Amino acid sequence: MPFFFPTVGEYAPLVEAAGIRVTYATLFDRPTAQVGPDGMANWIRMFVRHPFDGMDSAEAGGIVSEAVAELRPTMLRDGTWFVDYTRLRMRAVRI
Numbered sequence: 008m009p010f011f012f013p014t015v016g017e018y019a020p021l022v023e024a025a026g027i028r029v030t031y032a033t034l035f036d037r038p039t040a041q042v043g044p045d046g047m048a049n050w051i052r053m054f055v056r057h058p059f060d061g062m063d064s065a066e067a068g069g070i071v072s073e074a075v076a077e078l079r080p081t082m083l084r085d086g087t088w089f090v091d092y093t094r095l096r097m098r099a100v101r102i
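No gaps in the numbering here: position 40 of the sequence shown is 47 in my numbering, and each next residue is one more.
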């Protein structure tokens, strides 16, 4: 799996198992604007590479175009593409 999106409850124990005590943790939405009319397609091409390994470029381009079309109703707002990141922020100290 190319991505790992843990909750605070999933990630804090991993950090603590490494000998670091979590003193603060929060999970929050962080929509991020993309640049230009091809912002979403560019984001996909930059961050979602592994599933396209070995795939014909025309087929990969078709899949990206289909994904962009499906995302358009919810992720394109007033002409700007947004990626709906969720940020996990922690503060921790060595034990």
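Even for Gly, the Cβ is constructed at its ideal location relative to N, Cα and C. Computed from a prediction, not measured in an experiment: that's the story for all the values here.
How far does the beta strand (DSSP E) with Val-100 in it reach, from first residue to last?
87 to 101
By a C-beta neighbour count over all protein chains shown, 10 Å radius and 16 as the cutoff for buried, is Ile-51 buried or exposed?
buried
At what residues does the beta strand (DSSP E) containing Pro-38 begin and finish?
27 to 40
Roughly how many angstroms separate the alpha carbons of Leu-21 and Thr-93, rounded to a whole number?
In a straight line, the C-alpha of Leu-21 is about 19 Å away from that of Thr-93.
Could you check which residue in Leu-95, Met-82 and Arg-96 has the C-alpha nearest to that of Gly-46?
Met-82
Determine whether the beta carbon atoms of Asp-91 and Pro-38 lie at a separation below 9 Å.
yes
Suppose contacts are defined by Cβ-Cβ distances below 9 Å. Is Thr-33 in contact with Leu-95 by that definition?
yes
Count the other C-beta atoms from every protein chain shown that fall within 10 angstroms of the C-beta of Val-71, then say buried if there are 16 or more, exposed otherwise.
buried
What would DSSP say about Arg-56, mapped onto helix, strand or coil?
coil
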